[in-house]
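Peer 1: Numbering (the numbering used here) for the sequence shown: -1 to 234.
Glycine included, C-beta positions come from ideal geometry on N, C-alpha and C.
A quick note: this is a predicted structure, and the numbers were derived from the prediction, not measured.
This structure is in structure tokens; I'll ask about it shortly.
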Amino acid sequence: MTLSLVEATTEESNGVIEKRSKLEQIRLINLHMLLNISASLMVAPTRIHLLRQMKPNASSAELNRILTQWVSAIGGIELLLQPTFGKWSDAIGRKSFLIAAPLANLFVKTWVAAAPSALALGVEAIVGDLLRTISATMVFAGVTDLTSEPDELASNHSAVHAAAGTGIMIGPLLGALLVSLTRGNLRSPFALSALLSGIMLIVDCLLIKEPLAQEKRRPFQGYVNPFHFVKLFTSG
């Protein structure tokens, strides 16, 4: 009887430790979301002004056309690849995709900060914004993987939205403040964004564990038709 009591106590203790570990991982993933959104959006208001410096003879209409092309490219690529990335993460896990966002941002933001050009800005906008949205998908998937109780899912997802909302607020604010403090240096937000991406990369690599357990992974079945959602409106 004593042995059974000890075993029961040990199992309960292990359950508490596992729950705490999952909660810590969820907090780290929320930190990833906060840093990812902040690092990405702090440079968004600066792009148009830096692009104007790169193309001083371009009209406002031409500059808006370039920005529209970038946004269209982001949306088109995301439409074509996002479902496949989701299936791919179901097969290999979420962590690789979480790491991809700060790693790519570190390079493209540093490129713009060190040697700004229209090409660098275009690559930074497309790669940075695309990976921001893919990373956000992996954050929600990872939090779902780590949520043990179904009634905690809405609460945990709300925390992710809170982290994203905080990033949306402080990202552009930090970027504008930095430009002001550096007397109009439009490269400075990109340099700070690269620094935050580097910090996020370290957190992702060293502290965040793979949230998707091996036994819950699904075999990758190839490219996913991105227009599959149309069936929701065309079939009974």
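On the three-state DSSP scale, how would you describe Q67?
Peer 2: Against the sequence shown, residue 67 aligns to sequence position 69. Looking at Q67 - three-state DSSP - the assignment turns out to be helix.
Peer 1: At what residues does the alpha helix (DSSP H) containing L210 begin and finish?
Peer 2: Taking the first residue of the sequence shown as position 1, residue 210 is located at position 212. Note, L210: premise wrong, no alpha helix (DSSP H); not H, not E.
Peer 1: Using beta-carbon positions only, say whether V106 and G126 come within less than 8 Å of one another.
Peer 2: Locating residue 106 in the sequence shown gives position 108, where the first residue counts as 1. Locating residue 126 in the sequence shown gives position 128, where the first residue counts as 1. Their beta carbons are under 8 Å apart, which means V106 touches G126 by this criterion.
Peer 1: So N55 is in the alpha helix (DSSP H); what residue range does that whole segment cover?
Peer 2: Position 57 of the sequence shown holds residue 55. No alpha helix (DSSP H) holds N55; DSSP gives it neither H nor E.
Peer 1: Answer with buried or exposed for M40, where buried requires no fewer than 16 other C-beta atoms within 10 angstroms of its C-beta.
Peer 2: Translated into the one-based positions of the sequence shown, residue 40 becomes position 42. Burial call: buried.
Peer 1: Can you tell me whether P209 is buried or exposed, with buried defined as 16 or more other CB within 10 angstroms of its CB?
Peer 2: Within the sequence shown, numbered from 1, the residue matching residue 209 stands at position 211. Burial call: buried.
Peer 1: Which term fits T66, buried or exposed, when burial requires 16 or more other beta carbons within 10 angstroms of its beta carbon?
Peer 2: Looking up residue 66 in the sequence shown gives position 68. Flag for T66 reads exposed.
Peer 1: Could you tell me the boundaries of the alpha helix (DSSP H) in which R185 lies?
Peer 2: Here residue 185 refers to the residue found at position 187 of the sequence shown. Counting along the chain, R185 falls outside any alpha helix (DSSP H), and DSSP gives it neither H nor E.
Peer 1: Taking S237 as the reference, give the member of A111, T135 and L77 with the closest Cα.
Peer 2: Examination of residue 237 is not possible in this model, given that the chain is present from -1 through 234 alone.
Peer 1: In this structure, does DSSP put V41 in helix, strand or coil?
Peer 2: Counted from its first residue, the sequence shown places residue 41 at position 43. In the structure shown, V41 sits in coil (DSSP, three-state: anything other than H, G, I, E or B).
Peer 1: Can you tell me where the alpha helix (DSSP H) with L129 in it begins and where it stops?
Peer 2: Here residue 129 is taken as the residue at index 131 of the sequence shown, counted from 1. Counting along the chain, the alpha helix (DSSP H) containing L129 begins and ends at A116 to L144.
Peer 1: Note the first and the last residue of the continuous alpha helix (DSSP H) segment covering N154.
Peer 2: Numbered from 1 along the sequence shown, position 156 holds the residue referred to as residue 154. Its alpha helix (DSSP H) spans residues L151 to L179.
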